[in-house]
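Colleague: The structure that follows is given in the form of structure tokens.
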């Protein structure tokens, strides 16, 4: 079906064949970068297709899942206290826990965290503060756990 550009934007990954994701405008605006772009554009120019030069399709999908889940005001993430007190799992919502520990940290195994690093870089590039806070706190939690054990 046709994309309703009054409500949605299309984001393109940087893969050789870009993968396109249709995202609600309000969800996409969790990204400071995209929010600024959307606010700069003419209201008439509704066909919004935004290439995301630094993010591949696999990573972008996780970033957008996060944005789509958290953009309604009543589902915004609680701020994570810094420095971390205790384990990150105890400080975040069930959804965030599943988001982090299923794929980003593969099966909760801290050695398998390359996707987490990719999501951090994407959140940083796109300027998605809550996602950056969550993923950086996850890294801090891993480092903190290590120094305690050693």
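Residue numbers (the numbering used here): 1194 to 1343.
Beta carbons are placed, not taken as given, at the ideal position from N, Cα and C, and that holds for glycine.
Note that the structure is a prediction, hence the values are computed from the model and not measured.
1. Bridge partners for residue 1272 per DSSP, in chain order?
2. Could you check the C-alpha separation between residue 1256 and residue 1276 for me, to the nearest Å?
3. By the 10 Å Cβ neighbour count, where 16 or more other Cβ atoms means buried, how is residue 1227 classified, buried or exposed?
4. Ordered along the chain, which non-local residues of its own chain (more than five positions away) have a Cβ less than 7 angstroms from that of residue 1317?
5. Would you mind stating whether residue 1211 and residue 1244 have Cβ atoms separated by less than 8 angstroms?
6. Return the residue from the list 1240, 1230, 1231 and 1260 that minimises the CA-CA distance to residue 1312.
7. Compute the distance between the beta-carbons of residue 1308 and residue 1294, then report whether it is under 8 angstroms.
8. Could you confirm whether any beta carbon from chain D is found closer than 8 angstroms to the beta carbon of residue 1282?
9. Secondary structure at residue 1213, three-state DSSP: helix, strand or coil?
Modeller: By the coordinates alone:
1. For residue 1272, which the question treats as bridged, DSSP gives no partner whatsoever.
2. 24 angstroms
3. buried
4. 1325
5. yes
6. 1260
7. no
8. Among the chains of the structure shown, chain D does not appear; only one protein chain is present.
9. strand
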